[in-house]
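Every position in the sequence shown, counted from 1, becomes a number in the working numbering once 77 is added.
Just so you know, even glycine gets a beta-carbon here, dropped at the ideal spot from N, CA and C.
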Amino acid sequence: MDSLVSARAWRDGVPVEHAITRNDLVTAAHDPDTLVWVDLLAPEASELAEVAEELGLPVTAVEDALAPKERPKLIRHESHVFFTVYAVHRDGTRLGFSRVSGWMLPHALVTIRLDELFDVSTVERRWKDSPALLAAGAGGLVHGLLDTVVDGHFAAIQTLDDALEAIEDTLFDDRPTSTAFARSVYALRKDLVALRRIVLPMREVVSGLLRHPGTDAPVLRPWYDDLYDHVLRASEWTESLRDLVTSAFETNLSLTDARLNTIMKKLAGWAAIIAVPTAITGWFGQNIPFPGDGQPLGLWLSAALILVCSLALYVAFRRRDWL
């Protein structure tokens, strides 16, 4: 089977030395003393149907695993539990998402990945560090997988949080914001919306596992309670970041309006000051007699009026914070 990437088996939490082959898969998966994990990478529908048939799974199991654009979900069948989650990774400057699905049987876990962007070696190390979980059955394997996925959600949320702090620093800078700033805020909001779509449904996935007989063993219950707490924290953090991004966008608009009002006040103030010499020189330019007409007194009188009136307007505007 070309899509088979890894196959592991444990007995009482201890790895089985010999490798699990395709022929051993069915026997090991139905052995109550053996725990089996099989990882499939981008399998064809026909390949997946063969595995499902050998494991005694219904045809709908293949449809669930390969259906496009599925949201994170958990479906409990009579023979197995199916789940779909999304791992997060960096794709350049944006967030990328990798879909991971799984069939959880009483003594086996089959994971189906559609790409190689999710590193299963991290999950294997977590299983290796927690042999007590593996001794509890397939629920321990699922916990290690979901715990790794949720940790990736936290890392992505932290990245967005740091980006939001940088935006806030730019937002309250004295310099006006540019189009690039608005573009960065929009990109952050778009990433956050996409992340929210995969983080919030995780509550239903973990909550459904908490009610499943395969994960209610005494040794597993505290681990799943802790995982559910992490999922809630990630959801709340995502919601708070969404509110902050919205506030940042609205604050930017408010600050832009405030800067525009300040500029308009200054322009109006200087226009009023400039209007004083214009009015006085225009008055003294009329062809009618006025005090100092035809004498040096007229020049000094007009200059004094310009200076006094302009200075009075400048002081008045300055007190009102117009200049």
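When rounded, the separation of the alpha-carbon atoms in E327 and Y163 is 31 Å. Taking the CA atoms as reference points, A144 sits about 12 Å from I189. In the structure shown, T161 adopts extended strand secondary structure according to DSSP, grouped into three states. Assigned with DSSP and collapsed to three states, T170 falls in coil, not helix or strand.
Looking at the backbone, the Cα of L134 and that of E281 are separated by about 23 Å.
The Cβ atoms of L125 and V103 lie no closer than 8 Å to each other.
Of the residues assessed, T161 falls on the buried side of the cut-off, its CB having 16 or more other CB atoms within 10 angstroms. H220 and T339 have their C-alpha atoms some 57 Å from each other. In this structure, the CA atom of V296 is about 39 Å from the CA atom of L241.
Assignment of alpha helix (DSSP H) within the stretch 255-310, counting only whole runs of 4 or more residues, yields 256-276, 279-287 in chain order. If you look at I152, you'll find it in the beta strand (DSSP E) that goes 150-153.
D250: not part of any beta strand (DSSP E); DSSP gives it neither H nor E.
For the set L182, K146, V353, G173, the Cα lying nearest the Cα of R153 is the one of L182. Taking 8 Å as the upper bound for CB-CB distance, R266 and V322 are in contact here, some 5 Å apart. In the three-state reduction of the DSSP assignment, V93 falls in the coil class, being assigned neither a helical nor a strand state.
Ranking G346, D250, A381 by CA distance to the CA of V392 puts G346 first.
One alpha carbon belongs to I244, the other to D250, and they sit about 10 Å apart. At a Cβ-Cβ threshold of 8 Å, V158 and H307 do not count as neighbours. The closest CA to that of L277, considering only F231, A259, L191, R203, is found on F231. Ranked by Cα distance from V115, the options E313, G179, V91 are led by G179.
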